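Notes follow once the structure below has been shown.
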Amino acid sequence: MSRRRVAYYYDPDVGAYTFGYNQYLKPHRVKITHDLISAYDMLDKMHVLKPARSSAETMTSFHTDEYVQFLSRVTPETAAKLSFNGTRFLVGDDNPPFEGVFEFSSISAGGSIAAAQRINSGAADIAINWAGGLHHAKKAEASGFCYINDIVLGILELLRDVPRVLYIDIDCHHGDGVEEAFYTTDRVMTCSFHKYGSYFPGTGTQEDQGRGEGKGYAVNVPLKDGITDDAFQSVFEPVIAKILEVYRPSAVVLQCGADSLAGDKLGCFNLTMHGHAHCVQFLRQQNVPLVLLGGGGYTVKNVARAWTYETACALGIEDTIDPLLPYNEYFDWFGPRFRLEVVSSNMDDLNVKDGSLEIVRQKALEQLSELNA
Ligand code: V1P
Ligand code: CA
Ligand code: ZN
-4 MSRRRVAYYY DPDVGAYTFG YNQYLKPHRV KITHDLISAY DMLDKMHVLK
46 PARSSAETMT SFHTDEYVQF LSRVTPETAA KLSFNGTRFL VGDDNPPFEG
96 VFEFSSISAG GSIAAAQRIN SGAADIAINW AGGLHHAKKA EASGFCYIND
146 IVLGILELLR DVPRVLYIDI DCHHGDGVEE AFYTTDRVMT CSFHKYGSYF
196 PGTGTQEDQG RGEGKGYAVN VPLKDGITDD AFQSVFEPVI AKILEVYRPS
246 AVVLQCGADS LAGDKLGCFN LTMHGHAHCV QFLRQQNVPL VLLGGGGYTV
296 KNVARAWTYE TACALGIEDT IDPLLPYNEY FDWFGPRFRL EVVSSNMDDL
346 NVKDGSLEIV RQKALEQLSE LNA
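If you read the sequence shown in the numbering used here, its first letter stands for residue -4, the second for the next number, and so on.
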């Protein structure tokens, strides 16, 4: 396997932000990942870059002026007044107005935009931003722990230079914000794999395929609890291979949400680290410019393991990685086994049990065959 030029975007300040009373999404996991990547001596094998923070103006290439202005001004104290008592911008409890929400968002978005620019310039084959992947954020509203949609901003940046972008989302939740943003265009194909049925955000059926010029260019793969590596691969590979064949994207953005791993606090899938990383390996093999982003992931030590291993996959050095973790600042967190692994549990795979996976795969492939018809 030939070498790839990898650009890795990291802002050392990102780990310091906390989401206030919502203790699920921890920006600190990006620092823990970084420290593990560093302990594995991967930093000198790629271009390590600190991205410029996204300006408010840049964010308005997707979000409304009013929403970005709100986010740049809001504090925990002024939130009620500025959000009209929680009826606009920050609705419900998922998105608290935490201290530094705008700076955090500008780091996340700045990384994904810089990653896109690096691909556009041809200076990298793979660009990574583990602080990105916040796929639920809407044009004028925060949703599901996401305030600014760094993915949409990154894809818009890619579209300045390339004709077609493929967006793939392996977070356990539906990539609704990205799907919605590009629902009526054929310049972006979105493909989300997610748990569907009594689960946030509630969208992402296979009937939702895009509209107008975008008809057929939104692909949804709704899944049930407990999907294993083999079952996931048996739908991911044929669907993505078919998309690459019929759509021929000039660049691919892969959201690597780690809540699809076994044992996640909010997720309900049963993927091991290797099953999750297989998606990265598969896309790297295709020789198409690739942006890797973070996303969900709520069992922090496993998020750090997966994204560290996926960084090694981007570099093509995963076969040389020691499964025993090197000493690092957070070493104690990784006990009792201290290994670079996320193991599966004994939960049932409901997708295979009732034959629904086979039906979902067939339906997705049919949708894609119709595109060229
Ligand atoms: O279920 C909901 C909403 C709130 N209810 C009225 C419906 N929200 C979920 C949000 C999950 C967000 C996932 C983000 C990502 O895809 C990308 C970063 O991973 C939710 C859940 C849950 N169990 O699904 N919010 C909360 N739990 C929550 C709990 C306590 C405090 C704040 C939020
Ligand atoms: Ca998904
Ligand atoms: Zn998620």
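Even glycine gets a Cβ: it sits at the ideal position worked out from N, Cα and C. None of the values given here were measured: they were computed from a predicted structure.
Quiz item: Going along the chain, which unbroken runs of the alpha helix (DSSP H) with 4 or more residues stay wholly within the stretch 240 to 294?
Solution: If only uninterrupted alpha helix (DSSP H) runs of at least 4 residues are considered, those enclosed by the stretch 240 to 294 are 268 to 280.
Quiz item: According to DSSP, which residues form a beta bridge with Thr185?
Solution: Tyr162 and Ala213
Practice problem: Please name the residue, chosen from Ala11, His130 and Val147, that lies closest to Thr55 on a Cα-to-Cα basis. | Solution: Val147
Self-check item: Cβ-Cβ separation, Ile222 to Phe264 (assumed contact under 8 Å), whole Å
Solution: 5 Å
Quiz item: With burial defined as no fewer than 16 other Cβ atoms inside 10 Å of the residue's Cβ, what is the status of Ile354: buried or exposed?
Solution: Ile354 is exposed by the Cβ-count criterion.
Quiz prompt | Inter-stretch contact (C-beta, 8 Å, three-pair minimum) for the stretch 56 to 66 and the stretch 325 to 340 | solution = no
Practice problem: Indicate, with yes or no, if ligand 2 has a heavy atom lying under 6 Å from the CB of Phe188. | Solution: yes
Quiz item: Where Glu324 and Asp30 are concerned, what is the direct C-alpha to C-alpha distance, given to the nearest angstrom?
Solution: 7 Å
Self-check item: Own chain partners of Pro71 with C-beta closer than 8 Å, once the 5 adjacent residues on each side are dropped
Solution: Gly15, Pro91, Pro92, Phe93 and Glu94
Practice problem: Starting from the Cα of Tyr4, find the closest Cα among Asp314, His189 and Thr306 and give me that residue. | Solution: Of the listed residues, the one whose Cα sits closest to Tyr4 is Thr306.
Practice problem: Sort out for me which residues DSSP pairs Arg24 with in a bridge. | Solution: Answer is none; Arg24 lacks a bridge partner.
Quiz prompt | Residue burial classification, Pro7 (beta-carbon count within 10 angstroms, cutoff 16) | solution = exposed
Quiz item: Once you ignore the five residues that flank Ala176 on each side, which residues in its own chain have a CB closer than 6 Å to its CB?
Solution: Val147
Self-check item: Distance between Ile165 and Leu249 (C-alpha atoms, nearest Å)
Solution: Rounded to whole angstroms, Leu249 to Ile165 spans 8 Å at the Cα level.
Practice problem: Provide the residue span of the beta strand (DSSP E) that contains Leu44, from first to last. | Solution: His42 to Leu44
Quiz item: Is any beta-carbon of chain D found at less than 7 Å from that of Ser33?
Solution: Given the protein chain composition of this structure (a single chain), no chain D is represented.
Quiz item: Cβ of Ser101 within 7 Å of Cβ of Ser49?
Solution: Yes, Cβ-Cβ distance for Ser101 and Ser49 is below 7 Å.
Practice problem: Note down, in chain order, each residue of its chain lying with its Cβ closer than 8 Å to the Cβ of Glu313, except the 5 sequence neighbours on either side. | Solution: Ala272, Gln276, Tyr304 and Ala307
Exercise. Would you decide whether Arg155 is buried or exposed? Buried here means 16 or more other CB atoms lie within 10 Å of its CB.
Key: Arg155 sits exposed, since fewer than 16 C-beta atoms from the chains shown fall within 10 Å of its C-beta.
Practice problem: Identify which residue in Ala246, Asp259 and Arg300 has its Cα closest to the Cα of Ile121. | Solution: Ala246
Quiz prompt | Ile32 versus Ala299 - alpha carbon distance | solution = A straight line joining the alpha-carbon of Ile32 with that of Ala299 spans about 9 Å.
Quiz prompt | Separation of Ala110 from Ala2, as counted between CA atoms | solution = 7 Å
Quiz prompt | Sequence-distant residues of its chain with Cβ nearer than 6 Å to Asn297 (five each side left out) | solution = Leu256 and Val337
Practice problem: Hey, could you find the ends of the alpha helix (DSSP H) Phe119 is sitting in? | Solution: Reading the sequence as shown, one finds Ala at residue 119 and not Phe. Per DSSP, Ala119 belongs to no alpha helix (DSSP H) and is neither H nor E.
Exercise. Let me know the secondary structure DSSP gives Glu61 once reduced to three states.
Key: Residue state, collapsed to three classes: helix.
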